[in-house]
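In the working numbering, the protein residues as written are 12 to 485.
Every residue, glycine too, gets a C-beta built ideally from N, C-alpha and C.
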Ligand code: NAD
């Protein structure tokens, strides 16, 4: 028996959770359940995180959490429970298998069987945002080496355990050379340790286009958080429907399993929703808790039901489907098929696998870090960069001198183009800062002269190599 935590969620959540639990229990899942309440009611009772402290205790004790979708009320500063759960519990890997069920579920891609592995904790989802000037807001994109190492290693270990042949990495490192560049670099380092698995890297834009056009070229795809969020929905949709996909969120000690769709409030309480996405989440959970035999029975019965044409409204099609059923009837049909396998779709065979043991992160020896300059970001409502340069040059010290001004990354001084559009957010780069003391001096002078510095970024060399981006056009 494994004790798990279950939240029935909001909207269609309770109906699809009941259907899912009925199916897996009928299939012989050896589970004991602690139910907790999360979501809309908890938010509206004044708890902006959507979950009570006692519920966290239960989730952390049981370590395995099956969660139906929840509704995050709009406005009012409510925090997304999904993002909070992933980060609080360190669920660094989001795994979404996307399989086409052609010809029983309509898809333009009859041969598609990909798994998207999305980094789940960092990137733009660190949620660190600030308004800096009247016209400019900023979101920090944070990528860490341990974050990259964990997710990339997870992707290769997943491929190895699941007999997958290739791992592809998507980034935009031709533009974001530091952040996406680190992800790509770590991918190359770790890929070299798995010579038996093919590896490749695509720039995300053409990679995404290719994945949407010819998904059969891909197998496992690993990527940073934001790209993974977008592409995993695309992959699920082009495989057939977002209503059919489940996902797991895996951490070093806890794991959460869910459908990828939301709470579809307009469909709630009508017994029409498709429980398949959550059921797929539950199948991933059963494999995770070492009940692969039960997972296999459920998946084969589900495939048989889909193949029999017993479909909920969202995938129902005249000609292919034989029966349009509601949530409960669909669950009963799957239960009736337990013990059977599909005859046209490929039946699955799952074997229990050892829990993945990833090496703990080993911090590398520190590099030699040298401060060589500073970017002062200035709020200035003027339009002629030469005027700003004259004001800011007055801050020059014996060692630090203004070397460049950019606006939204493009160099506008010296030798900017009058055509370049400028907003009120300017980066003034000082080179030759050879001691941390210079920065407070620059700031103090700027304050005296009424220059509105909104933030600074230090410019470093690590082991003698510049570790910051140049101005565009520099
Ligand atoms: P949604 O996925 O809930 O619904 C979009 C549409 O897809 C629905 O109108 C419905 O027609 C269809 N659909 C989705 N799931 C279905 C199913 N199982 N069966 C049949 N049809 C289905 O997305 P949304 O409308 O953007 O979001 C609704 C709420 O869900 C929001 O409050 C959002 O915050 C929340 N949400 C929660 C999660 C989660 O808890 N994991 C994820 C996404 C959205």
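What span of residues does the beta strand (DSSP E) with residue i cover, start to end?
| i | result |
| --- | --- |
| residue 131 | Where residue 131 is concerned, there is no enclosing beta strand (DSSP E), given that its DSSP letter is neither H nor E. |
| residue 74 | Element bounds for residue 74: n/a, residue is neither H nor E. |
| residue 110 | 104 to 110 |
| residue 382 | 380 to 390 |
| residue 414 | 412 to 418 |
| residue 449 | Here residue 449 belongs to no beta strand (DSSP E); instead the alpha helix (DSSP H) covers 449 to 459. |
| residue 260 | 257 to 261 |
| residue 233 | 231 to 234 |
| residue 442 | 436 to 442 |
| residue 15 | 13 to 18 |
Considering only C-alpha positions, which residue in the set the options is nearest to residue i?
| i | options | result |
| --- | --- | --- |
| residue 156 | 169, 123, 144 and 195 | 195 |
| residue 286 | 223, 254 and 346 | 254 |
| residue 392 | 296, 145, 32 and 414 | 145 |
| residue 44 | 284, 74, 330 and 370 | 74 |
| residue 419 | 484, 211 and 119 | 484 |
| residue 246 | 229, 296 and 261 | 229 |
| residue 455 | 205, 443, 445 and 387 | 387 |
| residue 474 | 394, 466 and 376 | 376 |
| residue 301 | 334, 200 and 367 | 367 |
| residue 223 | 266, 118 and 23 | 118 |
| residue 481 | 452, 414 and 464 | 414 |
| residue 334 | 241, 345 and 319 | 319 |
| residue 110 | 411, 100 and 122 | 122 |
| residue 299 | 277, 186 and 265 | 265 |
| residue 297 | 29, 374, 361 and 168 | 361 |
| residue 103 | 133, 450, 363 and 78 | 133 |
| residue 380 | 469, 394 and 440 | 469 |
| residue 212 | 20, 237, 184 and 15 | 184 |
What are the start and end residues of the alpha helix (DSSP H) that includes residue i?
| i | result |
| --- | --- |
| residue 99 | 92 to 99 |
| residue 161 | 156 to 172 |
| residue 339 | 338 to 347 |
| residue 316 | 303 to 318 |
| residue 52 | 51 to 55 |
| residue 40 | From DSSP, residue 40 is part of no alpha helix (DSSP H); its letter is neither H nor E. |
| residue 221 | 215 to 224 |
So, is residue i buried or exposed, given that buried needs 16 or more other C-beta atoms within 10 angstroms?
| i | result |
| --- | --- |
| residue 138 | exposed |
| residue 26 | buried |
| residue 112 | buried |
| residue 305 | buried |
| residue 200 | exposed |
| residue 303 | buried |
| residue 405 | exposed |
| residue 225 | exposed |
| residue 217 | exposed |
| residue 150 | exposed |
| residue 181 | buried |
| residue 355 | exposed |
| residue 130 | buried |
| residue 280 | exposed |
By Cβ distance below 7 Å, which residues in the same chain neighbour residue i in space, the five residues on each side in sequence not counted?
| i | result |
| --- | --- |
| residue 423 | 396, 416, 417, 431 and 433 |
| residue 258 | 105, 106, 107, 269, 271 and 292 |
| residue 282 | 26, 337, 338 and 339 |
| residue 252 | 116, 325 and 326 |
| residue 59 | 88, 89 and 90 |
| residue 163 | 197, 198, 201 and 233 |
| residue 321 | 333, 334, 336, 341 and 344 |
| residue 349 | 37, 38, 308 and 312 |
| residue 34 | 290, 309, 342, 345 and 346 |
| residue 239 | 105, 127, 129 and 130 |
Using three-state DSSP, classify residue i as helix, strand or coil.
| i | result |
| --- | --- |
| residue 401 | helix |
| residue 472 | strand |
| residue 191 | helix |
| residue 289 | helix |
| residue 477 | strand |
| residue 31 | helix |
| residue 123 | coil |
| residue 48 | coil |
| residue 430 | coil |
| residue 153 | strand |
| residue 272 | coil |
| residue 196 | helix |
| residue 299 | helix |
Keeping to the same chain, check which residues put their C-beta closer than 6 Å to that of residue i; ignore five residues upstream and five downstream.
| i | result |
| --- | --- |
| residue 126 | 108 and 231 |
| residue 83 | 89 and 91 |
| residue 478 | 471 |
| residue 467 | 385 and 387 |
| residue 438 | 386, 388 and 417 |
Chain B beta carbons: is any one of them nearer than 8 Å to that of residue i?
| i | result |
| --- | --- |
| residue 370 | In summary, chain B is missing from the structure at hand, where a single protein chain is found. |
Considering only residues of the same chain and omitting the five flanking positions on each side of residue i, which have a CB-CB separation below 8 Å?
| i | result |
| --- | --- |
| residue 12 | 41, 42 and 43 |
Indicate, with yes or no, if the ligand MN has a heavy atom lying under 7 Å from the CB of residue i.
| i | result |
| --- | --- |
| residue 212 | This structure lacks the ligand MN; its bound ligands are the ligand NAD. |
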